[in-house]
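>
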Amino acid sequence: MKHQSRIQKSKEWVYRHSLNARICHWITVVSFVYLLLSGIMIFLQFPELYWGKVGFQGYPAVFRLSDWGLSWEEADALGNRRWGRSYHYLFAWIFISNGVIYLGWNLWQKKFYKKMLPSRDELRLSHLKADLGNHVRFRAAKGNAARHYNVLQKISYLMVLFLLFPFMLVSGLAQMPAFTAISPELIDLFGGRQTARTLHVVATVILVLFVLVHVIEVFVAGAVNQIRAMITGNYAIQAEDEK
Ligand code: HEM
Numbered sequence: 003m004k005h006q007s008r009i010q011k012s013k014e015w016v017y018r019h020s021l022n023a024r025i026c027h028w029i030t031v032v033s034f035v036y037l038l039l040s041g042i043m044i045f046l047q048f049p050e051l052y053w054g055k056v057g058f059q060g061y062p063a064v065f066r067l068s069d070w071g072l073s074w075e076e077a078d079a080l081g082n083r084r085w086g087r088s089y090h091y092l093f094a095w096i097f098i099s100n101g102v103i104y105l106g107w108n109l110w111q112k113k114f115y116k117k118m119l120p121s122r123d124e125l126r127l128s129h130l131k132a133d134l135g136n137h138v139r140f141r142a143a144k145g146n147a148a149r150h151y152n153v154l155q156k157i158s159y160l161m162v163l164f165l166l167f168p169f170m171l172v173s174g175l176a177q178m179p180a181f182t183a184i185s186p187e188l189i190d191l192f193g194g195r196q197t198a199r200t201l202h203v204v205a206t207v208i209l210v211l212f213v214l215v216h217v218i219e220v221f222v223a224g225a226v227n228q229i230r231a232m233i234t235g236n237y238a239i240q241a242e243d244e245k
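According to this note's numbering, the sequence shown is numbered sequentially starting from 3.
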């Protein structure tokens, strides 16, 4: 009898994201979009970045938008500092409160550490290399591997949560006269308000790159399944069994 081999595809549903993670995720998305757009509106009306304590038009800058083809006047006409400031301050507090609720809720839960912390085995160079290879080749995880975040995912989420987001908060506070009036040490920590502002923008660029890669990964892994999981919590795992 001729031996026939076929791939049977079956679906299994797993509960991937808690209600708290889903609500906080979408609040982060909306606040991030507003913070980015309003930040760009503020930046356009002062399109140069400086290092240290001093910065004004004509002072040696570390970045000038005019070097990239948009003059000060053209950028100024595109920006809107008043609109930008209102929305930036509003969403900064929504963003921070949401982050505190998310971390407060998750940090005392064992499953958060299980979900987010890479194991010793995952941190082995060979494992990291294999994972990077899968990412570069846009190869999505299947079967058992799709049940958990992969190690690069874990590392990037941890860096965003515990490094970049807090940095946005601290470098943002260092630019707020109302805050630095009561805590001037924060400006000294950065070596000047201009440095805090420049680093706030650098961290913005890093976050935008993270979001771009994150969205590409969502599409590589299956956008419908990923977005549905972030709305309903349920994630479909495609099992491949040789029969
Ligand atoms: C991840 C979220 C955030 C992004 C993408 C972002 C982005 C930006 C950008 C691009 C600017 C323009 C820089 C300039 O030209 O001055 C800016 C300014 C600023 N940001 Fe943020 N920011 C974020 C979060 C925050 C947070 C959480 C705070 C509050 C603590 C904050 C406080 C400020 C302040 C005070 C300014 C200066 C506004 C002004 O000149 O009136 N930002 N932000």
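Where is the CB? At the ideal position from N, CA and C, for every residue including glycine.
For a quick check, are the C-beta atoms of Gly86 and Met43 less than 7 Å apart?
Here residue 86 refers to the residue found at position 84 when the sequence shown is read from its first residue. Here residue 43 refers to the residue found at position 41 when the sequence shown is read from its first residue. Contact: yes.
> Leaving out five residues before and five after His150 in sequence, what residues of the same chain have Cβ atoms less than 8 Å from its Cβ?
Your numbering for residue 150 matches position 148 in the sequence shown. Only Lys117 meet the Cβ criterion.
> In angstroms with no decimal places, state the Cα-to-Cα distance between Gly54 and Gly193.
Locating residue 54 in the sequence shown gives position 52, counting from the first residue. Locating residue 193 in the sequence shown gives position 191, counting from the first residue. One C-alpha to the other measures close to 6 Å.
> Report whether the distance from the Cβ of Ala94 to the nearest heavy atom of ligand 1 is below 6 Å.
Within the sequence shown, the letter at position 92 stands for residue 94. The answer is yes for Ala94.
> Near Gln228, which residues of its chain fall below 6 Å by C-beta distance, leaving aside the five closest residues on each side in sequence?
What you label residue 228 is simply residue 226 of the sequence shown in a count that begins at 1. In chain order, Val220 place their CB closer than 6 Å to the CB of Gln228, counting only its own chain and leaving out the 5 sequence neighbours on each side.
> Less than 6 Å between the CB of Arg195 and some heavy atom of ligand 1, yes or no?
Taking the sequence shown and counting its residues from 1, the one referred to as residue 195 is at position 193. Checking every heavy atom of ligand 1 against the Cβ of Arg195, none is found closer than 6 Å.
> May I have a chain-ordered list of the alpha helix (DSSP H) segments no shorter than 4 residues that lie completely inside the stretch 95–133?
Correct list: 112–118.
> Opposite Phe65 in the DSSP bridges: which residues?
Within the sequence shown, the letter at position 63 stands for residue 65. Beta-bridge pairing links Phe65 to Leu51.
> Are the CB atoms of Leu209 and Leu166 nearer to each other than 7 Å?
Taking the first residue of the sequence shown as 1, we reach residue 209 at position 207. Taking the first residue of the sequence shown as 1, we reach residue 166 at position 164. Cβ atoms of Leu209 and Leu166: closer than 7 Å.
> Closer than 6 Å by C-beta to Asn108: which residues in its own chain qualify, once you throw out the five before and the five after it? Chain order, please.
Sequence index remark: in the sequence shown, residue 108 carries index 106 (1-based). Cβ neighbours of Asn108 beyond the five flanking positions: Phe114.
> Just grab the DSSP bridge partners of Asn236 for me.
To locate residue 236, count along the sequence shown from 1; it is residue 234. BP columns for Asn236 point to Tyr17.
> Just how far apart, CA to CA, sit Ile9 and Val226?
The count along the sequence shown starts at 1 and reaches residue 9 at position 7. The count along the sequence shown starts at 1 and reaches residue 226 at position 224. Note that Ile9 scores a pLDDT of 46, beneath 50, so its modelled location is shaky and nothing firm can be said.
> The alpha helix (DSSP H) spanning Ser173 covers which residue range?
The count along the sequence shown starts at 1 and reaches residue 173 at position 171. Taken as a continuous stretch (DSSP letters only), the alpha helix (DSSP H) holding Ser173 covers Phe167 to Leu175.
> Which first and last residues belong to the alpha helix (DSSP H) in which Tyr151 is found?
Taking the first residue of the sequence shown as 1, we reach residue 151 at position 149. First-last for Tyr151: undefined, no H or E at that position.
> Given that a residue counts as buried once 16 or more other Cβ atoms are within 10 Å of its Cβ, and exposed if not, what is Ala132?
In the sequence shown, counting from the first residue as 1, residue 132 sits at position 130. Classification for Ala132: exposed.
> Taking the alpha-carbon positions, what's the Phe169 to Arg83 distance?
Looking up residue 169 in the sequence shown gives position 167. Looking up residue 83 in the sequence shown gives position 81. Rounded to whole angstroms, Phe169 to Arg83 spans 22 Å at the Cα level.
> Considering only residues of the same chain and omitting the five flanking positions on each side of Leu80, which have a CB-CB separation below 6 Å?
For this step, residue 80 is matched to residue 78 along the sequence shown. Correct list, in chain order: Leu46.
> Please return the same chain residues whose Cβ sits closer than 6 Å to the Cβ of Tyr237, not counting the five positions on each side in sequence.
As a working note, residue 237 is residue 235 in the sequence shown. Hits under 6 Å: Val16, Arg18 and Ala231.
> Express the C-alpha separation of Pro186 and Ser88 in angstroms, rounding to a whole number.
Residue 88 sits at position 86 when you count from the first residue of the sequence shown. Residue 186 sits at position 184 when you count from the first residue of the sequence shown. Spanning the alpha carbons of Ser88 and Pro186 requires a straight line of approximately 23 Å.
> Which residue comes first and which comes last in the alpha helix (DSSP H) that contains Ala183?
Locating residue 183 in the sequence shown gives position 181, where the first residue counts as 1. Looking at the DSSP string, Ala183 is not in any alpha helix (DSSP H), and its letter there is neither H nor E.
> Of the choices Tyr52, Gly57, Leu127 and Tyr159, whose alpha-carbon is the least far from that of Leu105?
Position 103 of the sequence shown, counted from the start, is the residue given in the question as residue 105. When only C-alpha atoms are compared, the closest one is Tyr159.
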